[in-house]
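Sequential numbering of the sequence shown, starting at 743, is according to the numbering used here.
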Amino acid sequence: MANAKTAKPSKSAKSAPAAASEPYVVIIAGGKGERFWPQSRAARPKHLLPVVGSTPLLVQTLERVRGIAPAKNTFVITSALQAREVARVCRGLIPVANVVVEPAGRDTAAAVGLAAALVGARDPQGVFAVLPADHVIHDTKAYQRDLRAAFAAAGAAEVMVTIGIAPTEPATGFGYI
C-alpha cells in the first residue's frame, strides 16, 4: 500500500488534507510457474489455475477487491507470455486496457515501480495496493476490512502499509516482514 506522490512529504509542513481519491489496486500476475510445477508452467502459472475452487486464483483476487476499488482503478500487471490468457481471464471484471504487460520481466520490485507509475499518471495523489494474484484467502470479509483500514492509514498519513500474517515456519519464497 503506497502513495503515488512523486515529491517527498515534509514532516514539518502543515497543510489542509487533500481530497481523498478513489483507491487503486494493482495485481501482480507475472509468475513464471516454477514453484507449483508440474501443475503450472510459464504460459499457465498458478494464478491462472483453479487451485482452490472453480475459478482461477486471479479471478478470485479480482472478486476480492471488487467493492474496494472500482474496476477502472484496478490493474493487472503481467508478462508478455501470459498477456493473452490474463486478458481473457480478466474480461468483464476490469477494462481490457487495465491489463498491462511489463516492458521486461524484472521481478516484484520493478512491477511495483510500474504500478506506482501507472497510478501516478492517473492520480498523483492516488493511494494504491499492490497484491499478488495467486494468494488463497479464505476470510474475504476480514481481508476486505483490513485492506480498507490500510487504505485509510496510507491516505491519512502518507505512509506505506503492509498487511501480513504471522509466519508459521521459515519461508524465503515471498520474504519476511
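By construction, the Cβ of each residue, glycine as well, lies at the ideal position given by its N, Cα and C atoms. Note that the coordinates shown come from a computational prediction; the quantities given were computed from them, not determined experimentally.
Name the two residues that bound the continuous alpha helix (DSSP H) containing residue i.
| i | result |
| --- | --- |
| THR882 | 882-899 |
| VAL831 | 825-832 |
| ALA857 | 849-864 |
If you compare alpha carbons, which of the options is closest to residue i?
| i | options | result |
| --- | --- | --- |
| GLU827 | GLU805, HIS877, GLY772 | GLY772 |
| GLU764 | HIS789, GLU805, PRO812 | PRO812 |
| ARG808 | LEU823, GLY834, THR820 | GLY834 |
| CYS832 | LEU790, LEU856, GLU844 | LEU790 |
| PHE782 | THR914, PRO845, ASP876, ALA895 | It is Ser, not Phe, that sits at residue 782 in the sequence shown. Per the Cα distances, ASP876. |
| ALA892 | GLY847, PRO780, ILE810 | ILE810 |
| VAL824 | ARG887, PRO787, THR882, THR910 | Val is not the amino acid found at residue 824; the sequence shown has Gln there. Checking every option, the nearest Cα to that of GLN824 belongs to PRO787. |
Residue i to residue j, Cα distance in whole Å?
| i | j | result |
| --- | --- | --- |
| LYS753 | ARG864 | For LYS753, the predicted model reports a pLDDT of 39, less than 50, meaning its position is unreliable; a value from the coordinates is still stated below. One C-alpha to the other measures close to 25 Å. |
| VAL872 | ALA829 | 18 Å |
| ARG890 | VAL767 | 12 Å |
| GLN922 | VAL793 | Since the first and last residues shown for the chain are 743 and 919, residue 922 lies out of range. |
| PRO912 | ALA785 | 29 Å |
| LEU799 | ALA899 | 32 Å |
| GLU805 | GLY795 | 13 Å |
| PRO780 | LYS774 | 12 Å |
| ASP881 | THR797 | 17 Å |
| ASP849 | LYS883 | 30 Å |
| ALA846 | VAL838 | 20 Å |
If we call anything under 7 Å between Cβ atoms a contact, is residue i one with residue j?
| i | j | result |
| --- | --- | --- |
| ILE770 | PRO874 | yes |
| ILE819 | ALA859 | no |
| VAL843 | ALA857 | no |
Skipping 5 residues on each side, what residues in its chain have a beta carbon closer than 6 Å to that of residue i?
| i | result |
| --- | --- |
| TYR885 | ILE879 |
| VAL861 | ALA746, TYR766, GLY868, PHE870 |
| VAL901 | none |
| ILE836 | ALA813, THR816 |
Near residue i, which residues of its chain fall below 8 Å by C-beta distance, leaving aside the five closest residues on each side in sequence?
| i | result |
| --- | --- |
| ALA908 | none |
For the beta strand (DSSP E) that contains residue i, what are its first and last residues?
| i | result |
| --- | --- |
| LEU873 | 869-874 |
| VAL843 | 841-843 |
| LEU807 | In the sequence as displayed, the identity of residue 807 is Val instead of Leu. Segment 799-807 is the alpha helix (DSSP H) holding VAL807; no beta strand (DSSP E) there. |
| THR816 | 816-820 |
| ILE810 | Premise fails: ILE810 is in no beta strand (DSSP E) and is neither H nor E. |
| VAL767 | 766-771 |
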